[in-house]
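K.L.:
Counted from 1, the sequence shown has number 485 at position 439 by this note's numbering; the numbering is strictly sequential. Glycine is no exception: its CB is placed at the ideal position from the N, C-alpha and C atoms. Have a look at this one.
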Amino acid sequence: MESLRNELSRVLGPGQVSDRAIDRHALAHDASHYLLVPDLVVRPRDQAQVAAVLAACDRAGTPLTFRAAGTSLSGQAVTDTVLVDVRRHFRGVEVLDDGMRVRVQPGTTVGMVNAHLARHRRRLGPDPASEAACTVGGVVANNSSGMQCGTEANTYATLESMVLVLPSGTVVDTGAPDADAHLRAAEPELHTGLLSLRDRVRGDAESVATIRRLFAMKNTMGYGVNAYLDADEPAQILARLMIGSEGTLGFVASATFRTVPVRSQVATGLLVFDDVVTATGTVPRLVEAGTATAELLDAASLRVSAQDPACPQVIRDLHVVDHAALLVEWQADDAEELADAVERAGRLLADLPVSSPYRLTREADERAGLWRVRKGLYSAVAGARPSGTNALLEDVVVTVDRLGGTIMALTELFERHDYPESVIFGHARDGNVHFLLNERFEDPVALERYEAFTEDMVDLVLSEGGSLKAEHGTGRIMAPFVRRQYGDELYAVMWETKRLIDPRGLLNPGSVLSDDPTSYLLHLKTAPEVEVEVDRCVECGFCEPVCPSRDLTTTPRQRIVARREMRAAELRGDTGLAAELAEQYEYDGTQTCAVDGMCLTVCPVQINTGDLTRRLRAESSGPVGEVAWRGAAQVWGAGTVAASAAMSVAGRVPRLAEMTTGVARRVLPHELVPRYDGRLPGGGPRRGSGPEAGAGVRQDGAVPTAVHFAPCVGTMFGSDGAGEDGLRGAGAERALRVLADRAGVALVDPPGLGGLCCGTPWKSKGRTSGYAAMMRRVLPSLWEASDHGRLPVVCEASSCAEGLVQMIAKDPDRPMQVVDATRWVAEHLLDRLPVTSPVGPVVVHPTCSGVHLGSTEALVAVARHVSDDVTVPLAWGCCGFAGDRGMLHPELTASATAPEAAEVAGRSYAAYVSDNRTCEIGMSRATGRAYEHVLEVLAAATR
């Protein structure tokens, strides 16, 4: 393996090949319940490098497996040899023909593709529930579908062409006019072999009948041998075989899809029935009536949903016995068309045997509540599972007329094998249901139970004429059962297909096909109990696209699994590995975590990995650091002024400041010494020192309507220089005061403002005593200034506003409202501020704190008040500056902002805005453009 590593390092370049313990163990985990630790992790940058990796592994006789998002559920993205990570570099979207088609690289998420298509009112056909995290590479590799697309708009049906790299290194563009001629010239044996297999399949009536029956349903079991019936030329047969092949036949470097329309008008309803057989029996009528979806919830699902206080009234009022429900939805292009569709559906469904009256609603909040029930089932069950267990989410499919009976039989299997917490839900319109169960694989008795259940489940589904995998791919979990589903002949065709395209069997061995009847019981993942912050994690990977360190070090999922791997190593006595992981985790896991909490916004089981990081930071620095930060809380006012002065001095001699901090960082840990960068601004003014500052009563006698908590970050980091009008560049604090004065609103400063802070510097580092000391100063001051909570507290730095919200929540005896200043201005002042100097194009950088506070829409609204051309980059995300992280580890901010900066560079703007000073600094460094607070731009435009 060492010689292969050296060769790959030469080919791919520095940093693209790793055998570090934390890299290998972090990527050993995907969303499935399988675990294999790779020997090497490689990250090629383009298809030529992929071809070089394939060639090198072929020479070494070493298997390899491709991995993109790692959201697959069947074990198809794990290996104990070479893991090829294509998420980091293969990102790219090219919209074609006004959105009618789109060309995508495999590391791009489905959500990002749909964001590019949104302005054309188009989207990809496949609509998996994991679209925000799963990538196009996995969508193609698994033939993904989803809640609406069925078989009519799934990957197989909508993928037009692809550029693929074969195990031999041959590259084929199946969309090229000469694709088949090229394949015949480059791979003559493969070309001939595909023709032979095509004729063999077509000449066997039983094979044709089996294929037609199984692929009339959703079906991702085995290889897509329907390709031999659906295409004539070998190049096109090959393209179709690649779909659903789970990386066992080659690498898809890009895929071109035909898109589907987005229907803007929607009506949604929940139909409750006495039992699941009655519910599923109505599905044909619902489809005839035009429903786009028919999402099933069984009785167990309804019971789980009813425990949520926010669940819809129709569920809360239901005394669940054997009930089942269908979530249905009608869609149209305009309101009139939708009204006609709903009226027609009402006529057709007038005598539907529902348990209670139903209503189709067009209200966004009501619709969101209904979908919250459906999409929240996984998190509700998985999050409540016992520590140390794995959550298994499986899927099967039968024809709709057999669905009710199959579900009843599945429920009986749960009871027989003692899986009492299992739920069944899914896509009844397609006869496709998912079921979730919890298992503990380190227990031999539990493993025997799981094996017995699986055998019974396989017998059940196949006896009903169904498929053992509808959407999730065969993977390792169902590979031993492919023969039982298809029979000997088609199973032999699949093996011959594999050997024809991958003669040495080096691509993802063990996935899709396996002759070992018990291989699905090998390499099962265990979940050792580690710590309360992370034990609920189901390793789904939903957190990864929003993590600012995802392209630098680790993601929230990877931090959690690294902690689990450390604990597992300790339990089996491998102290060397545990120590190695712990040492590498310090930088990869702790130091480069932005603790921005964006992972919480997408986590189905509500984990904020920042909570873990804060505790680990506190533990790593010990009592000396705790004392120092507690002392800082006592002299914070003087400290911020001193920091401001230091930044101003450094700005006058930037090279000396950069050299000084550079030398210090070579001697001392980076966690202790910030790196000065000449692009940083000078210091700002003391808080409350501007001409508009006041004690709370304006000269015209107006009484205060809000408390102004000016953040200390405006003192430490000034603006980038005043504009011609004296407002743009004067700072957000002054801008807010000017705007309030123009609108006739008085603000009051809290007593002792200069020494107050929202507490985030202490909280982000886990400094509990210093945080408590600051809280003892802040809360009484705000309580007094707000007239015991009567006045809202307004803060113009979104991260500081969030910090205040969190601090106030710790003292329920002093309830106060904190509002991000941008939102406060949008809701209370904007209509009193006419624009006198409109601004040209504006680009907006939302912030992670704004997401948590729900103020992003307000930020965009203020920008649109001054400009009729406002852009929010599709690639925006947390900048990773995170207080002082951007100075302690500037590489974190550089990595986090790179995608957004690249998008912003594609156009010139008159203003670059955000609503948090450190985020503005981070984006200014990334783009070379001066970002400013949106309130500064508003103040200048309304003067």
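Rounded to whole angstroms, what is the Cα-Cα separation between R661 and G221?
P.N.:
When rounded, the distance between both Cα atoms is 53 angstroms.
K.L.:
Which one or two residues does DSSP pair with W376 in a beta bridge?
P.N.:
DSSP lists A313 as partners of W376.
K.L.:
Any idea what DSSP makes of A299, helix, strand or coil?
P.N.:
Strand.
K.L.:
If we require 3 or more residues per run, which beta strand (DSSP E) segments fall completely within the stretch 93-127?
P.N.:
For the stretch 93-127, whole beta strand (DSSP E) runs of length 3 or above, ordered along the chain, are 110-113.
K.L.:
DSSP has L342 in a bridge; who is on the other side?
P.N.:
BP columns for L342 point to L372, G472.
K.L.:
Can you tell me whether H135 is helix, strand or coil according to DSSP?
P.N.:
Coil.
K.L.:
Cutting at 6 angstroms between CB atoms, please list the residues of its own chain near S120, excluding the five before and the five after it.
P.N.:
So the qualifying residues of the chain are S78, H518, G519, G521, I523.
K.L.:
Going by C-alpha to C-alpha distance, which of Y465, V673, H480, T204 sits closest to R420?
P.N.:
That would be H480, whose Cα lies nearest to the Cα of R420.
K.L.:
Terminal residues of the continuous beta strand (DSSP E) containing F499?
P.N.:
No beta strand (DSSP E) contains F499, which is instead part of the alpha helix (DSSP H) from 490-509.
K.L.:
Tell me where the beta strand (DSSP E) around P750 begins and ends.
P.N.:
From DSSP, the beta strand (DSSP E) with P750 extends over 750-754.
K.L.:
Is the stretch 592-610 close to the stretch 559-568, with three or more CB pairs under 8 angstroms?
P.N.:
Too few Cβ pairs lie closer than 8 angstroms, so no.
K.L.:
Assuming S827 and T761 are in contact, meaning their beta carbons sit under 8 angstroms apart, how far apart are those beta carbons, in whole angstroms?
P.N.:
Not really, about 17 angstroms apart at Cβ, beyond 8 angstroms.
K.L.:
So, at 7 angstroms on beta carbons, what are the nonlocal neighbours of V444 in its own chain, with the 5 sequence-adjacent residues on each side left out?
P.N.:
If we look at V444 and ignore the five residues flanking it on each side, its Cβ neighbours are T452, G477, V507, E510, G511, G512.
K.L.:
What is the rounded straight-line gap between the Cα of E488 and the Cα of I854?
P.N.:
Computed Cα separation, rounded: 44 angstroms.
K.L.:
Give me the residue from R836, M862, L837 with the minimum Cα distance to E848.
P.N.:
The shortest Cα separation from E848 among R836, M862, L837 belongs to M862.
K.L.:
My guess is that K734 and L793 are in contact by the Cβ rule of under 8 angstroms, so how many angstroms apart are they, rounded?
P.N.:
According to the sequence displayed, residue 734 carries Gly and not Lys. G734 to L793, Cβ: 10 angstroms. No contact.
K.L.:
Please report how far the alpha carbon of W541 lies from the alpha carbon of D502, in whole angstroms.
P.N.:
Their Cα atoms are separated by approximately 26 angstroms.
K.L.:
Is the shortest distance between the beta-carbon of V99 and the beta-carbons of chain C less than 7 angstroms?
P.N.:
Annotation note: the requested chain C is absent from the structure, which comprises a single protein chain.
K.L.:
Mind reading off the beta-carbon distance from L342 to A356? Whole number of angstroms is fine, and I expect it under 8 angstroms.
P.N.:
About 21 angstroms; that fails the 8 angstroms criterion.
K.L.:
Count the other CB atoms, across all protein chains shown, that sit within 10 Å of the CB of M158; report buried if there are 16 or more and exposed otherwise.
P.N.:
With 16 or more Cβ atoms within 10 Å of its Cβ, M158 is classed as buried.
K.L.:
What's the gap between the Cα of T868 and the Cα of L456?
P.N.:
When rounded, the distance between both Cα atoms is 53 angstroms.
K.L.:
State the Cα-Cα distance for the pair S351 and L372, rounded to the nearest angstrom.
P.N.:
In a straight line, the C-alpha of S351 is about 14 angstroms away from that of L372.
K.L.:
Would you mind working out which of R147, H935, M705, S845 sits nearest T902, comparing C-alpha positions?
P.N.:
Selected option, being the one with the closest Cα: S845.
K.L.:
In the DSSP output, which residue or residues are listed as bridge partners for P307?
P.N.:
Answer is R168, bridged to P307.
K.L.:
Residues in its own chain within less than 7 angstroms of R711 by CB, not counting five upstream and five downstream?
P.N.:
Cβ within range, chain order: V719, R721.
K.L.:
Would you kindly work out how many angstroms separate the C-alpha atoms of S64 and V889, rounded to a whole number?
P.N.:
Taking the straight line joining both Cα atoms gives about 38 angstroms.
K.L.:
When DSSP labels each residue in this structure, what does N272 get in the three-state scheme?
P.N.:
Coil at N272, not helix or strand.
K.L.:
Suppose the cutoff is 7 angstroms on Cβ atoms and the five residues either side in sequence are ignored; what does the same chain contact list for D548 look like?
P.N.:
Cβ neighbours of D548 beyond the five flanking positions: P213, T294, L295.
K.L.:
According to the neighbour-count rule (16 or more other Cβ atoms, all chains shown, within 10 Å of its Cβ), is G790 buried or exposed?
P.N.:
G790 is exposed by the Cβ-count criterion.
K.L.:
Would you say L627 and E611 are within 7 angstroms of each other, going by their C-beta atoms?
P.N.:
Closer than 7 angstroms, so yes.
K.L.:
If the criterion is Cβ atoms closer than 7 angstroms, does the pair T601 and E585 meet it?
P.N.:
No, the Cβ-Cβ distance between T601 and E585 is not below 7 angstroms.
K.L.:
Assuming R971 and R725 are in contact, meaning their beta carbons sit under 8 angstroms apart, how far apart are those beta carbons, in whole angstroms?
P.N.:
So it is a contact: roughly 5 angstroms between Cβ atoms.
K.L.:
Could you compute how far the alpha carbon of Y496 sits from the alpha carbon of P466?
P.N.:
Whole-angstrom Cα-Cα distance: 13 angstroms.
K.L.:
Cα-Cα, which of D447, P919, R66 is closest to G952?
P.N.:
Looking at the Cα atoms, P919 is the closest of the given residues.
K.L.:
Check this for me: beta carbons of H473 and M263, under 7 angstroms apart or not?
P.N.:
Their beta carbons are not under 7 angstroms apart, which means H473 does not touch M263 by this criterion.
K.L.:
I'd like to check one pair, L317 with V400: are the Cβ atoms closer than 7 angstroms?
P.N.:
Their beta carbons are under 7 angstroms apart, which means V400 touches L317 by this criterion.
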